[in-house]
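Trainee: Per the working numbering, the very first residue in the sequence shown carries number 160; after that it's consecutive.
Just so it is clear, CB atoms sit at the ideal spot from N, CA and C, and this is done for glycine as well.
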Amino acid sequence: MRLAEEVRLLVGSTDSSTGSTSESTTSSRHRPDIQGLRAIAVLAVVALHVGFGSLTGGFVGVDVFFAISGFLITQQLMRQVRTEGRVSLLGFYARRARRILPAATVVLLATVVYAALFLGFVRTREIAVDALWSAAFAANFRFASLETDYFSAALPPSPLQHFWSLAVEEQFYLVWPLMILGCLWAIKRRSERATPDGPATPDPRGRRRVLVIALGVVIVASLLASAVLTRTSPEAAYFSPFTRAWELGLGAIAAIAFRDDGPQDATARWRAQVLSAFGMFFIVCACLQFNDATPFPGTPALVPVLGSVFIIVAGTLWHGPTVVGRLLSVPPLQVVGNWSYSLYLWHFPVPVLAELQLGRELRWWEQVLLVALAFGLAGLSYHYVEEPFRRGILWRRPAFGRAATLGPVALYPLSITLVAVTCFGANTYATGTARDGYQPAITLAEADSSASSGPSKQPDRPASSAAPPAAKAQEPDPLPALLKASVLAARKNQAIPTNLKPGLTNLSDDVESVGECNYYSTNVRKLCPRGDADAEKTIVVIGDSHARHWTPAVEEIAERSGYRAYMLAMPQCTVSLVTPDKIDSTDPMTSCDDFHDFMLSSVKKLRPDLLLISSRPISAAYHDSSGRHTDRADVRRAVYRGYQRLLDQVKPVAKRTVWLRDVPALQFDPATCLSSNKTLSPCTYKPLESQQDGADLQMQAAKSARVETVDLDDMFCDSVGICTTVVGDTITHRDGHHLTATYSKELGRTLGERLEVW
160 MRLAEEVRLL
170 VGSTDSSTGS
180 TSESTTSSRH
190 RPDIQGLRAI
200 AVLAVVALHV
210 GFGSLTGGFV
220 GVDVFFAISG
230 FLITQQLMRQ
240 VRTEGRVSLL
250 GFYARRARRI
260 LPAATVVLLA
270 TVVYAALFLG
280 FVRTREIAVD
290 ALWSAAFAAN
300 FRFASLETDY
310 FSAALPPSPL
320 QHFWSLAVEE
330 QFYLVWPLMI
340 LGCLWAIKRR
350 SERATPDGPA
360 TPDPRGRRRV
370 LVIALGVVIV
380 ASLLASAVLT
390 RTSPEAAYFS
400 PFTRAWELGL
410 GAIAAIAFRD
420 DGPQDATARW
430 RAQVLSAFGM
440 FFIVCACLQF
450 NDATPFPGTP
460 ALVPVLGSVF
470 IIVAGTLWHG
480 PTVVGRLLSV
490 PPLQVVGNWS
500 YSLYLWHFPV
510 PVLAELQLGR
520 ELRWWEQVLL
530 VALAFGLAGL
540 SYHYVEEPFR
550 RGILWRRPAF
560 GRAATLGPVA
570 LYPLSITLVA
580 VTCFGANTYA
590 TGTARDGYQP
600 AITLAEADSS
610 ASSGPSKQPD
620 RPASSAAPPA
630 AKAQEPDPLP
640 ALLKASVLAA
650 RKNQAIPTNL
660 KPGLTNLSDD
670 VESVGECNYY
680 STNVRKLCPR
690 GDADAEKTIV
700 VIGDSHARHW
710 TPAVEEIAER
720 SGYRAYMLAM
730 PQCTVSLVTP
740 DKIDSTDPMT
750 SCDDFHDFML
760 SSVKKLRPDL
770 LLISSRPISA
780 AYHDSSGRHT
790 DRADVRRAVY
800 RGYQRLLDQV
810 KPVAKRTVWL
820 RDVPALQFDP
830 ATCLSSNKTL
840 SPCTYKPLES
850 QQDGADLQMQ
860 AAKSARVETV
870 DLDDMFCDSV
880 GICTTVVGDT
890 ITHRDGHHLT
900 ATYSKELGRT
910 LGERLEVW
């Protein structure tokens, strides 16, 4: 017997006397409150992404969408069971294809084409990969893997990052209809065994009870997984379908457990008023009170999800208007609710692509214009893409027969094929237009006669410090002169060299090797000697990732000059003895306190001959026993005191202490700039003012403690403060503020000479 026939016998036999099914049916009715709820959800997400300060919890809009989607899709499935006596998997996936794929495919194609035209081959290749994952509804797995890397956080976000939520939904709906069929099939088999004389008419309440129990098990398991993983692996928890399934599941339970044909009396109206009021209160509180410090999704996600379910159930219990229902039914919210899917698709790539092209953060008026553009694109997408495909005018023609179902299903492979072909073509185009023939590296010949000679900067040494032995006579270091030649070439708008190192396509991967001592991603607290392992003299480097990116340079010095070197550097853990924020969070980074203890005890144990300090200036916030502090003046004072406490502890145990000034930072992504331009001039910059201010504060703390300082800004910028991203044929930065490992190694001799240990 076919499965569809088994389901038809299971869900209810026809009463011969009345001609109606044993379970009453209800026709679908328009729910303006749900459309308004969709509008609230998408507006919250848009407000968050454009930086509207009050809605710090706007990300819960996605959770509202999950609850709505779980309810509506399950309601459709259960209605089909009641009215047709079967669940058509082919029909279900055909409806999903008409609803989801056309608009999503248009956005993917537009984003990839825009990248190829304006963002260069590096960013085009990355966006093309993201588009392929998104087209396959696996974007959540892609972005979960990227979010686990600290250094990837310094890069601009993908304009397709928001497709993760669409992937979670479709992964849920790949399983949910099968689960319903499985439960119904199990109920039927049990009924047949209980009544051997023939199939019995199933009890509709019993059927719903079984589905609620089965779905309840899934919800509890998913919620527990979400609570646990949010604490242990927040990146995985945020993007995982297993930790989000309960959100769609609660919406699904509402569709199964609450009938739409209940009595419309005063009791129902009162319950609906109370439920909808509580629901809206929960959602508003989540939008206003949640922020990036909220452990999400975890149990906090219950607040917006339950709020959504309350509003949905209220509209099921009472068909008349409620106070909340009237608010959600106002015409502007109805329009935004209709456009909500297209608006969600367009709202993120529009500003992100603009930021990538401009190479800086958007100004407020630019954000306003781009949001307006996103609304315009959403309206066009809704009327000319979503609606025509959703109504399926072509496939509803009788002449097409079974193609009316098979046609929409074919949208899946067609969408993936279109995206794949476009990605290939875009990548080919962007790569082919990147260069006009071979361009040589910059040489000293580009500089004027004064560029090839001149004194190098020496350490700023306090009067009481004993000078180290003079370096052996040798040929002058060519790098300072090459820097001057490179800045001059950039100011003359010379062509970008063809064979850059590292290559642009793997620029972000040009990270220093830390071996077994990755203090950031593991709990390792041991020492890893570098350089000359048998040497008696030691160099110790302390700080954060801005100390760690000096690893290749320090290794060059250690191997040549006979030092054992230790890199005691933990990314994002400022060298100032304060507790900073976690990356992309306002939670205290308590692991930094633990690392500070390890770092200080190791320095006291090693008693280095040379102690180097380097750190990115902290400027946003710090934590202490009274909480989190963000006042700029307060932060500066606290960080300065943290520098002083550090120097008070390490200076007495080191024979010589030197603070390396933080290298200049730039606002744009160097890979995007260098791959989307043919000449060097657009990729010059002036050091980021906030970074320079923080570096000045570090120098003040060092000089106050009579600690030497070394300033290598002249290895990035000329005397008037114009900086280049390419020196010779080497790219200086892998992102806005980290050195490439290649340039760090080339700076080894320069740094060694400035320290007078080369």
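Start and end of the beta strand (DSSP E) containing L771?
Mentor: The residue you call residue 771 lines up with position 612 of the sequence shown. Counting along the chain, the beta strand (DSSP E) containing L771 begins and ends at 769-773.
Trainee: Name the DSSP beta bridge partners of H782, please?
Mentor: Residue numbering aside, residue 782 sits at position 623 when the sequence shown is read from its first letter. For H782, which the question treats as bridged, DSSP gives the partners T738, R787.
Trainee: Just how far apart, CA to CA, sit S611 and H208?
Mentor: Your numbering for residue 611 matches position 452 in the sequence shown. Your numbering for residue 208 matches position 49 in the sequence shown. Note on S611: pLDDT 41, under 50, position unreliable in the model; no value is reported.
Trainee: Quick one: grab the DSSP three-state call for K814.
Mentor: Within the sequence shown, the letter at position 655 stands for residue 814. In the structure shown, K814 sits in coil (DSSP, three-state: anything other than H, G, I, E or B).
Trainee: Between the region 214-228 and the region 530-547, can you find at least three pairs of beta-carbon atoms closer than 8 Å?
Mentor: These segments do not touch.
Trainee: Would you call the region 269-288 and the region 582-592 in contact, with 3 or more CB pairs under 8 Å?
Mentor: Yes, since at least three Cβ pairs between the region 269-288 and the region 582-592 fall closer than 8 Å, the two stretches touch.
Trainee: If you check the beta carbons only, do L771 and V762 fall under 8 Å apart?
Mentor: For this step, residue 771 is matched to residue 612 along the sequence shown. For this step, residue 762 is matched to residue 603 along the sequence shown. It is not a contact, given that the beta carbons lie outside the stated cut-off.
Trainee: My parser needs the alpha helix (DSSP H) runs of 4 or more residues fully inside the region 625-669; what are they?
Mentor: With a minimum length of 4 residues, the continuous alpha helix (DSSP H) runs that stay inside the region 625-669 are 638-650.
Trainee: Using the beta-carbon count (16 or more within 10 Å), is R485 buried or exposed?
Mentor: The residue given as residue 485 occupies position 326 in the sequence shown. Per the 10 Å Cβ criterion, exposed.
Trainee: Excluding five sequence neighbours on each side, which residues of the same chain lie with their C-beta closer than 7 Å to the C-beta of E165?
Mentor: In the sequence shown, the residue the question calls residue 165 occupies position 6. Because E165 sits at a pLDDT of 36, beneath the cut-off of 50, its placement in the model cannot be relied upon, and the point is left open.
Trainee: Tell me the residue span of the alpha helix (DSSP H) that contains R403.
Mentor: By 1-based counting over the sequence shown, the position of residue 403 is 244. Per DSSP, R403 belongs to the alpha helix (DSSP H) from 400-416.
Trainee: Given that a residue counts as buried once 16 or more other Cβ atoms are within 10 Å of its Cβ, and exposed if not, what is T749?
Mentor: Sequence index remark: in the sequence shown, residue 749 carries index 590 (1-based). Exposed, by the Cβ-count rule.
Trainee: Determine the DSSP secondary structure at Y597, reduced to helix, strand or coil.
Mentor: Sequence index remark: in the sequence shown, residue 597 carries index 438 (1-based). Coil.
Trainee: Starting from the C-beta of C751, find all residues in its chain whose C-beta is less than 8 Å away, skip the five residues before and the five after it, and write them out in chain order.
Mentor: In the sequence shown, residue 751 corresponds to position 592, counting from 1. Excluding residues within five positions, the ones whose Cβ falls inside 8 Å are M729, Q731, C732, T733, T738, P739.
Trainee: Do P315 and I286 have their beta-carbon atoms positioned less than 8 Å apart in this structure?
Mentor: Position 127 of the sequence shown, counted from the start, is the residue given in the question as residue 286. Position 156 of the sequence shown, counted from the start, is the residue given in the question as residue 315. Taking 8 Å as the Cβ cut-off, I286 and P315 do not qualify as a contacting pair.
Trainee: Distance, Cα to Cα, T883 vs T602?
Mentor: Sequence index remark: in the sequence shown, residue 883 carries index 724 (1-based). Sequence index remark: in the sequence shown, residue 602 carries index 443 (1-based). Computed Cα separation, rounded: 14 Å.
Trainee: Could you pull out every residue in the same chain whose Cβ sits closer than 8 Å to the Cβ of A724, ignoring the five residues on either side in sequence?
Mentor: In the sequence shown, counting from the first residue as 1, residue 724 sits at position 565. The residues are P688, R689, G690, T697, I698, V699, V700, V713, E714, I716, A717.
Trainee: Classify A295 as helix, strand or coil using the three-state DSSP reduction.
Mentor: Sequence index remark: in the sequence shown, residue 295 carries index 136 (1-based). Looking at A295 - three-state DSSP - the assignment turns out to be coil, as it is neither helix nor strand.
Trainee: Since L154 contacts Q808 with CB under 8 Å, what's their CB separation in whole angstroms?
Mentor: Residue 154 lies beyond the range of the chain shown here (160 to 917); nothing can be said about it.
Trainee: For L447 and A380, I'd like the C-alpha separation in whole angstroms.
Mentor: Along the sequence shown, read from residue 1 onward, the residue named residue 447 stands at position 288. Along the sequence shown, read from residue 1 onward, the residue named residue 380 stands at position 221. Roughly 29 Å between the two C-alpha positions.
Trainee: Check for me: the alpha helix (DSSP H) holding Y273 runs from which residue to which?
Mentor: Along the sequence shown, one-based indexing puts residue 273 at 114. Start and end: 248-277.
Trainee: How is G518 classed by DSSP in three states: helix, strand or coil?
Mentor: Here residue 518 corresponds to residue number 359 of the sequence shown, with the count starting at 1. Residue state, collapsed to three classes: coil.
Trainee: Here's a check: name, in chain order, each residue in its chain whose Cβ is nearer than 7 Å to the Cβ of A589, leaving out the five neighbours to either side.
Mentor: For this step, residue 589 is matched to residue 430 along the sequence shown. Hits under 7 Å: A275, G279, F280, T283.
Trainee: Assign R723 to one of three DSSP states: helix, strand, or coil.
Mentor: As a first step, residue 723 must be located in the sequence shown, where it is residue number 564. Strand at R723.
Trainee: So, using beta-carbon positions, are Y781 and H788 closer together than 8 Å?
Mentor: In the sequence shown, counting from the first residue as 1, residue 781 sits at position 622. In the sequence shown, counting from the first residue as 1, residue 788 sits at position 629. Closer than 8 Å, so yes.
Trainee: Which residue wins for smallest C-alpha separation from L407, given the options I378, F417, Y397?
Mentor: Numbered from 1 along the sequence shown, position 248 holds the residue referred to as residue 407. Here the closest residue by C-alpha is I378.
Trainee: Have a look at H708 and V869 and give me their C-alpha separation to the nearest angstrom.
Mentor: Walking along the sequence shown from the start, residue 708 turns up at place 549. Walking along the sequence shown from the start, residue 869 turns up at place 710. Whole-angstrom Cα-Cα distance: 16 Å.
Trainee: P480 by DSSP, collapsed to three states: which one?
Mentor: Counted from its first residue, the sequence shown places residue 480 at position 321. Residue state, collapsed to three classes: coil.
Trainee: If you draw a straight line from the C-alpha of T462 to the C-alpha of V472, how long is it?
Mentor: Walking along the sequence shown from the start, residue 462 turns up at place 303. Walking along the sequence shown from the start, residue 472 turns up at place 313. Before going on, a small fix: residue 462 reads as Val here, not Thr. Rounded to the nearest angstrom, the two C-alpha atoms are 15 Å apart.
Trainee: Leaving out five residues before and five after L445 in sequence, what residues of the same chain have Cβ atoms less than 6 Å from its Cβ?
Mentor: Residue numbering aside, residue 445 sits at position 286 when the sequence shown is read from its first letter. Before going on, a small fix: residue 445 reads as Ala here, not Leu. Only G216, V219, V462, P463 meet the Cβ criterion.
Trainee: Does the pairing of the region 476-484 with the region 516-525 give three or more beta-carbon distances under 8 Å?
Mentor: No: the two stretches stay apart, fewer than three of their Cβ pairs being nearer than 8 Å.
Trainee: Out of S467, W405, F455, which has the shortest C-alpha to C-alpha gap to A200?
Mentor: Against the sequence shown, residue 200 aligns to sequence position 41. Here the closest residue by C-alpha is S467.
Trainee: Looking at the unbroken alpha helix (DSSP H) that takes in V150, where does it start and where does it end?
Mentor: Limits of the chain in this structure are 160 at one end and 917 at the other, which puts residue 150 out of reach.
Trainee: Could you check whether L647 and V886 sit closer than 8 Å to each other, using their CB atoms as the reference points?
Mentor: For this step, residue 886 is matched to residue 727 along the sequence shown. For this step, residue 647 is matched to residue 488 along the sequence shown. Cβ distance not < 8 Å, so V886 and L647 don't count as in contact.
Trainee: Just tell me which of M726, I470, N586 has its CA closest to the CA of S488.
Mentor: Stepping through the sequence shown from its first residue, residue 488 is reached at position 329. Taking only the C-alpha atoms, the option nearest S488 is I470.
Trainee: Roughly how many whole angstroms lie between the Cα atoms of L388 and R257?
Mentor: By 1-based counting over the sequence shown, the position of residue 388 is 229. By 1-based counting over the sequence shown, the position of residue 257 is 98. Answer to the nearest angstrom: the Cα atoms are 34 Å apart.
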